[in-house]
Amino acid sequence: MKFPYDLRERWDGKRYNSFNRILKQSFHARVHKVSLRLDFTCPNRDGRVAVGGCIYCNNAGHTPPTYRPALSVKEQMEAGMEAVARRTGARKFIAYFQSYTNTYGPLNKLERLYREALDIPGVVGLSIATRPDCVPDDVLDLITDIARQTYVWLELGLESMHEKTLQWVNRGHGLTEFIDAVERSKARGLRLCVHLILGFPGESREEILQTPALLNRLGIDGVKLHNLHVIKGTVLEELYERGDVNLLSREEYINLVADFLEILSPEVIIHRLTGETTRGLTVAPNWSLNKVAVINAIQAELQRRETWQGKFRLEAMAWNSAQLGSTFRREEVAH
Ligand code: SF4
269 MKFPYDLRER WDGKRYNSFN RILKQSFHAR VHKVSLRLDF TCPNRDGRVA VGGCIYCNNA
329 GHTPPTYRPA LSVKEQMEAG MEAVARRTGA RKFIAYFQSY TNTYGPLNKL ERLYREALDI
389 PGVVGLSIAT RPDCVPDDVL DLITDIARQT YVWLELGLES MHEKTLQWVN RGHGLTEFID
449 AVERSKARGL RLCVHLILGF PGESREEILQ TPALLNRLGI DGVKLHNLHV IKGTVLEELY
509 ERGDVNLLSR EEYINLVADF LEILSPEVII HRLTGETTRG LTVAPNWSLN KVAVINAIQA
569 ELQRRETWQG KFRLEAMAWN SAQLGSTFRR EEVAH
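For the sequence shown, my numbering gives the first residue as 269, with consecutive numbering after it.
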């Protein structure tokens, strides 16, 4: 089966459903995300769930270069928008509540911060990153209310669907909390993007490839993938330096992402295909620092295989992780 003509047209020649294209189509302009770091913390750090945080986490890794402590949402956005506009010419922006857990706080504080961002001329939407155990119903109701007026993505960190890995990384939640958060968000009609890390030690290729099938089954709208990479100042750095952690090679990662995309539904929007931490903070691997080259290599691998996102869509028939191995349905998708 050849790459279907309608997908070739719809995806502008890409072999996957890219977020950049969706933004261009939706807003008829170049739209860029501007990252925010606000005075949030995380229940995996402040003691509510744990104190150490996830073993790979150093929030400096996604702190915007224009960040200065105590700057308001408006000040951070304006500095970020000016820097992005200078670099790319973009005139429309999505305020990205990225660092820490951006739904973990009193409701009135959340509403004030989200609406402050939306009041800035040029801001056309919000992306709100959080944990699955930090989206109680009142927070989802607030985000749903805002989503009725503007363009909103809720980004949930899952990272791995496997309990053994979630425990190993000290994630502080399980698959059950994730599924519960997804079902309550989808019941409200929210757009959901899921963050995943590929390449955790102890996960086989087969286990990793159970994840896109689960996402298909749950009706997830978007996905962000990145390779396991080691950032300075983390527990993972200590493990890596001791030789306890092996990382994927560039070729292994590119192949794995291509396998993942083949199974993922073509309707799922790909927000990110690889990690993006700065050189100064990255311990390893070096190959993922050249993000554009990795993205181009994934597209080239899909072309080489004459394949595309969703060619072999799989659906998990049940989401009990113990059962998943035997409960997949494979189908070649007709477009
Ligand atoms: S990765 Fe997210 S959930 Fe984990 S410790 Fe860091 S801020 Fe908290």
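Virtual Cβ for every residue (Gly too), placed ideally from N, Cα, C. Values in this document were obtained by computation on a predicted structure and should not be read as measured data.
Here the C-alpha atom of GLU475 lies approximately 13 Å from the C-alpha atom of GLU427.
Here LEU408 really is in contact with ARG456; their C-beta atoms are around 6 Å apart, less than 8 Å.
The three-state reading of DSSP puts ARG355 in helix, counting H, G and I together. The beta carbon of THR418 sits closer than 8 Å to the beta carbons of LEU386, VAL392, GLY393, LEU394 from its chain, once the five residues preceding and following it are set aside; these are given in chain order. Under the 10 Å beta carbon count, LYS301 is surrounded by 16 or more other beta carbons and is classified as buried. Ranking PHE468, VAL403, LYS500 by CA distance to the CA of LEU458 puts VAL403 first.
Residues of the same chain with a CB within less than 7 Å of the CB of ALA481, apart from the 5 flanking positions on each side, are ILE531, LEU582, GLU583, ALA584, PHE596 in chain order. Counting along the chain, the unbroken beta strand (DSSP E) around ARG540 starts and ends at 537-540. Remark: the shortest separation between the CB of TYR368 and any heavy atom of the ligand SF4 falls under 6 Å.
Here DSSP, grouped into helix, strand and coil, assigns SER556 to helix.
GLY501 and PRO534 do not touch by the CB rule: their CB atoms are close to 39 Å apart, not below 8 Å. Taking 6 Å as the cut-off, one finds at least one heavy atom of the ligand SF4 near enough to the beta carbon of ASN312. Closest in alpha carbon position to LEU304, among THR356, GLU384, THR546, is GLU384. The Cβ atoms of GLY543 and HIS494 lie closer than 7 Å to each other. The three-state secondary structure of PHE361, taken from DSSP, is strand. Checking the 6 Å criterion, the Cβ of GLY393 is out of range of every heavy atom belonging to the ligand SF4. CA-CA distance, ALA297 to PRO374, rounds to 35 Å. Judged by DSSP in its simplified three-state form, SER303 adopts strand. A distance criterion of 6 Å places the beta-carbon of GLY321 in contact range of the ligand SF4, judged by its closest non-hydrogen atom. Exclusion of the five residues before and after LEU466 leaves ILE476, LEU493, HIS494, ASN495, LEU496, LEU516, TYR521, LEU524, VAL525, PHE528 as the residues of its chain whose Cβ lies within less than 8 Å of its Cβ.
Rounded to whole angstroms, the gap between the alpha carbons of GLN478 and ASP405 is 29 Å. Take the alpha-carbon of VAL437 and the one of TYR508: they are about 13 Å apart. Sorting PRO400, GLU505, ILE538 by C-alpha distance to the C-alpha of VAL317 places PRO400 at the top. When the beta-carbon positions are compared, GLY442 and GLU431 come within less than 7 Å of each other.
Using a Cβ distance threshold of 7 Å, VAL503 and ILE323 count as a contacting pair. Short note on CYS461: C-beta not closer than 6 Å to any heavy atom of the ligand SF4. At a threshold of 6 Å, CYS325 counts as near the ligand SF4, since its beta carbon sits closer than that to one of the ligand's heavy atoms. Comparing C-alpha distances from ARG485 to each of ARG510, PRO469, LYS454, ASP512 shows the shortest one belongs to LYS454.
Taking 6 Å as the cut-off, the C-beta of ARG547 does not count as close to any heavy atom of the ligand SF4.
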